[in-house]
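Numbered per my numbering, the sequence shown finishes at 574, counting up by one with no gaps.
Structure record follows, encoded as structure tokens.
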Amino acid sequence: MNLRVQTPPSSARTAAAVRAYAAFRDQRQPHYYRYALLRLGDPDAARRCVQETLDELALLWSEVLVSAHPAAVAWQLLGQRVNDARSRAGCPPEPQRDTELLSQEMSLSRAEISTVTGLDEAAVASHLLQAARRHQ
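Next comes the structure, spelled out in structure tokens:
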């Protein structure tokens with residue numbers, strides 16, 4: 439028996455991608471905003487960073503969706519926007535602080551941090567350990 443895999447029509451694939459993006463956005467946007475606000479300290483700048491990130495993500499969504507870690511791609515886009523905003527405000531970027539901030543300031547579990555950032559839990563644990571050592 440010869441089975442043939444049917445590819446959904448383009449409009450069905452597009453509708454599914456739109457739904458996937460909306461679900462992804464709705465799940466992560468509150469965390470992204472809280473993170474940006476904690477890093478920037480300015481609600482307007484935080485909203486702008488998150489909106490610009492989500493706008494860019496929407497444009498890239500078909501590529502992001504087939505990547506190994508869509509959450510990691512989105513997190514990198516957000517991190518770059520936040521770091522750019524911090525640089526414009528005269529603040530140095532603090533990439534090592536992200537995981538610590540998500541854990542301590544936002545009270546996210548390692549699993550939640552993994553989901554938000556796209557990092558695996560072992561990497562999250564490593565970042566948290568490095569942060570703890572830095573504070574000793």
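Don't be surprised by glycine CBs; every beta carbon is placed ideally from N, CA and C.
On a predicted model such as this, the values are computed, not experimentally measured, just so you know.
1. In whole angstroms, what is the alpha-carbon distance linking residue 566 and residue 464?
2. Within its chain, find whatever has a CB closer than 8 Å to the CB of residue 471; leave out the 5 residues flanking it on each side and keep chain order.
3. Cα separation between residue 527 and residue 455?
4. If you check the beta carbons only, do residue 466 and residue 512 fall under 8 Å apart?
5. Please report how far the alpha carbon of residue 524 lies from the alpha carbon of residue 457, in whole angstroms.
6. To the nearest whole angstrom, what separates the beta carbons of residue 557 and residue 510, a pair I think is in contact under 8 Å?
7. If you draw a straight line from the alpha carbon of residue 540 to that of residue 453, how long is it in whole angstroms?
8. Taking the C-alpha atoms as reference points, what is the distance between residue 555 and residue 482?
9. Just to confirm, is the Cβ distance from residue 502 to residue 537 under 8 Å?
10. Drop a sphere of 10 angstroms on the beta-carbon of residue 504, count the other beta-carbons inside from all chains shown, and report buried for 16 or more, exposed for fewer.
11. Once DSSP output is grouped into helix, strand and coil, what is the label at residue 527?
12. How would you call residue 479, buried or exposed, if buried means at least 16 neighbouring beta carbons within 10 angstroms?
13. Alpha carbon to alpha carbon, what distance is there between residue 473 and residue 445?
In brief:
1. When rounded, the separation of the alpha-carbon atoms in residue 566 and residue 464 is 26 Å.
2. Same-chain partners within the cutoff: 484, 485, 488.
3. Rounded to the nearest angstrom, the two C-alpha atoms are 36 Å apart.
4. Contact: yes.
5. One C-alpha to the other measures close to 32 Å.
6. Contact between residue 557 and residue 510 holds: CB atoms are separated by about 7 Å, below the 8 Å threshold.
7. Each residue's alpha carbon lies about 33 Å from the other.
8. Rounded to the nearest angstrom, the two C-alpha atoms are 22 Å apart.
9. Against a cut-off of 8 Å, the Cβ pair of residue 537 and residue 502 comes out as no contact.
10. That one is exposed.
11. In this structure, residue 527 counts as coil in the three-state DSSP scheme.
12. Counting the other Cβ atoms within 10 Å of the Cβ of residue 479 gives fewer than 16, which makes it exposed.
13. Confidence in residue 445 is poor, its pLDDT being 43 and thus under 50, which makes the residue's placement unreliable; the coordinate value appears in the next sentence. Looking at the two C-alpha atoms, the distance is approximately 39 Å.
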